[in-house]
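Numbering (this note's numbering), first residue to last: 775 to 880.
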């Protein structure tokens, strides 16, 4: 059985790692700016958010109010793109406040 020359081993490792580490995504991309603009504080419900965005990436509690977080990260060589939506609900499961941040092209 032939073996690879020792000089080729680092090159092969670099190619394999470069192909797997150079580009990846985390989270699930969710509806963009148009859907975000339809969220209305005091009116939009949890059910409506679930129908529009799907299941949240993470849930929690802040100051007694339930929170949902939607998050998406796309990493390319030299660039990181993110999109995140943080929603706080009142006791009636209606949006109390939210924040949306992104650097992805819309």
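Just so it is clear, CB atoms sit at the ideal spot from N, CA and C, and this is done for glycine as well.
message: Quick check on DSSP: helix, strand or coil for residue 833?
response: The sequence position of residue 833 within the chain shown is 59, counting from 1. Three-state DSSP puts residue 833 in a strand.
field: For residue 872 and residue 824, the rounded distance between their alpha carbons
entry: For the purposes of this step, residue 824 is taken as the residue at position 50 of the chain shown. For the purposes of this step, residue 872 is taken as the residue at position 98 of the chain shown. Taking C-alpha positions only, residue 824 is separated from residue 872 by approximately 15 angstroms.
message: Using 9 angstroms as the threshold, is the C-beta distance between residue 856 and residue 862 below it?
response: Position 82 of the chain shown holds residue 856. Position 88 of the chain shown holds residue 862. Not in contact: residue 856 and residue 862 (Cβ atoms no closer than 9 angstroms).
message: Taking only three categories from DSSP, how would you classify residue 867?
response: Indexing the chain shown from 1 puts residue 867 at position 93. Reduced to three states, the DSSP call for residue 867 is coil.
task: Please classify residue 879: is it buried, with 16 or more other beta-carbons within 10 angstroms of its beta-carbon, or exposed?
output: Taking the first residue of the chain shown as 1, we reach residue 879 at position 105. So residue 879 counts as exposed.
- request: Just confirm the distance between the C-beta atoms of residue 819 and residue 832, as a whole number of angstroms; I'd bet it's less than 8 angstroms.
  value: Counting from 1 along the chain shown, the entry for residue 819 is found at position 45. Counting from 1 along the chain shown, the entry for residue 832 is found at position 58. The Cβ separation is near 19 angstroms, so there is no contact.
- prompt: What are the boundary residues of the alpha helix (DSSP H) that includes residue 809?
  reply: Within the chain shown, residue 809 is the residue found at index 35, counting from 1. For residue 809, the enclosing alpha helix (DSSP H) has its first and last residue at 807-811.
field: Candidates 841, 877, 868, 874: closest to residue 822 by CA position
entry: Working through the chain shown from its first residue, we reach residue 822 at position 48. Residue 822 has its Cα closest to that of 868, out of 841, 877, 868, 874.
- prompt: CA-CA distance, residue 851 and residue 797?
  reply: For the purposes of this step, residue 851 is taken as the residue at position 77 of the chain shown. For the purposes of this step, residue 797 is taken as the residue at position 23 of the chain shown. The alpha-carbon atoms of residue 851 and residue 797 are separated by roughly 6 angstroms.
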